[in-house]
Amino acid sequence: MIERKNQMEIATYQKAKKGNYYSGDSFFYEELEDGFICALADGLGSGEIAMNSSEAAIEVIKNNKSAPLDDLVDLCNKAMAGTNIRGCVLGILRVDYVEQSYAYSSLGNISVIMVAKDGKKERNIPVPGYLSGVPHKVKVHNGPLEEGSIFFMFSDGVDEHQLTKEFYNHRTMDLTVDWYKRQENKMNDDTTLIAMKYKGEVS
Ligand SMILES: [Mn+2]
0 MIERKNQMEI ATYQKAKKGN YYSGDSFFYE ELEDGFICAL ADGLGSGEIA
50 MNSSEAAIEV IKNNKSAPLD DLVDLCNKAM AGTNIRGCVL GILRVDYVEQ
100 SYAYSSLGNI SVIMVAKDGK KERNIPVPGY LSGVPHKVKV HNGPLEEGSI
150 FFMFSDGVDE HQLTKEFYNH RTMDLTVDWY KRQENKMNDD TTLIAMKYKG
200 EVS
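Read in order, the letters of the sequence shown correspond to residues 0 to 202 in numbering that gives the first Met the number 0.
The following block contains the structure:
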């Protein structure tokens, strides 16, 4: 069997809102036997309360890594019912190495951007709302996976207008995130940026 791991290159950046110790954003990613999953949640409010909500959603995803994306959103939604939990927005990305496809789903202010090797950019259409325990229908978007494709997922602390051509043109994810770090970002919110590149099978 072909060793299908280590096909993704990932770099992340996270910073709490000024004056806050806790970030209300939580994220998770993992390379699985035949694919990859990444999720980012931004909890309502700020600080610890926000963190409780986003962590609850991410916990659900960690425990249900293989569930279909729409089921995952439902499960996360159900997890928003506890005390000390207000709700969150959520983005989930899954890459399937075997089917050579990717899928993502998002609700609220989480951006998902895919940049193909030829530079063609595709982004999620933001769906207003947030997970609060009330059932929410979400769309799952699918596409073919190509070697060299780059995926970005970020919370609304990232001002997308600041992501210039230079940002998108870096070849490695480390350099991409380093570039972002060096900018004078006026971050008025918790900020999380995840950059992921599908390298394909390393021979
Ligand atoms: Mn936010």
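Even for Gly, the Cβ is constructed at its ideal location relative to N, Cα and C.
So, residue 59 versus residue 78, is the Cβ gap smaller than 8 Å?
In this structure, residue 78 lies closer than 8 Å to residue 59 by Cβ.
Does DSSP put residue 56 in a helix, in a strand, or in coil?
Three-state result, residue 56: helix.
Going by beta-carbon coordinates alone, are residue 196 and residue 8 separated by less than 8 Å?
Against a cut-off of 8 Å, the Cβ pair of residue 8 and residue 196 comes out as a contact.
Determine which residues share a DSSP beta bridge with residue 191 and list them.
Residue 191 is bridged to 13.
Report the option in 140, 182 and 171 whose CA atom is closest to the CA atom of residue 160.
Residue 160 has its Cα closest to that of 182, out of 140, 182 and 171.
Under the assumption that residue 135 contacts residue 123 (Cβ atoms under 8 Å), give the Cβ distance between them as a whole number of angstroms.
15 Å between Cβ atoms; not a contact.
Counting beta carbon pairs with one atom in the region 15-29 and one in the region 45-64, are three or more of them shorter than 8 Å?
Contact between the region 45-64 and the region 15-29 is present, because at least three Cβ pairs lie under 8 Å.
So which residues put a beta carbon under 7 Å from any heavy atom of ligand 1, going in chain order?
Residues with their Cβ less than 7 Å from any non-hydrogen atom of ligand 1, running along the chain, are 23, 24, 41, 108, 154, 155, 156, 188 and 189.
Please classify residue 54: is it buried, with 16 or more other beta-carbons within 10 angstroms of its beta-carbon, or exposed?
The residue is buried, with at least 16 neighbouring Cβ atoms inside 10 Å.
8 Å CB neighbourhood of residue 17 in its chain, flanking five on each side removed:
For residue 17, where only same-chain residues beyond five positions count, the Cβ hits under 8 Å are 186 and 187.
Helix, strand or coil at residue 176 according to DSSP, with G and I counted as helix:
Assigned with DSSP and collapsed to three states, residue 176 falls in helix.
At which residues does the alpha helix (DSSP H) containing residue 165 begin and terminate?
Here the alpha helix (DSSP H) through residue 165 covers 164-168.
So residue 152 and residue 75 are supposed to be a Cβ contact under 8 Å. How far apart are they, rounded?
In this structure residue 152 is not in contact with residue 75, their Cβ atoms being roughly 15 Å apart against a cut-off of 8 Å.
Ignore the nearest five residues each way along the sequence and tell me which others in residue 156's own chain have a CB closer than 6 Å to its CB.
So the qualifying residues of the chain are 186, 188, 189 and 190.
From residue 108 to residue 33, what distance separates their C-alpha atoms?
The straight-line gap from Cα to Cα measures roughly 29 Å.
Identity of the residues DSSP links to residue 104 by a beta bridge
Residue 104 is bridged by DSSP to 91.
Who are the Cβ neighbours of residue 101 in its own chain at under 6 Å, not counting the five residues just before and after it?
Excluding sequence neighbours, residue 101 sits near 94, 142 and 144.
Chain-order list of residues whose beta-carbon lies under 8 Å from that of residue 1 (same chain, five-residue window excluded):
Confidence at residue 1 is low in this model, with a pLDDT of 45, below 50, so the placement of that residue should be treated as unreliable; the coordinate-derived value is given next. When the five nearest sequence neighbours on each side are left out, the beta carbons in the same chain lying within less than 8 Å of the beta carbon of residue 1 are those of 200, in order along the chain.
Cβ atoms of residue 167 and residue 111: under 8 Å apart, would you say?
Not a contact, by the Cβ cut-off of 8 Å.
Determine the extent of the beta strand (DSSP E) in which residue 77 is found, giving its start and end residues.
Following the DSSP letters along the chain, one finds residue 77 in no beta strand (DSSP E) but inside the alpha helix (DSSP H) bounded by residues 68-77.
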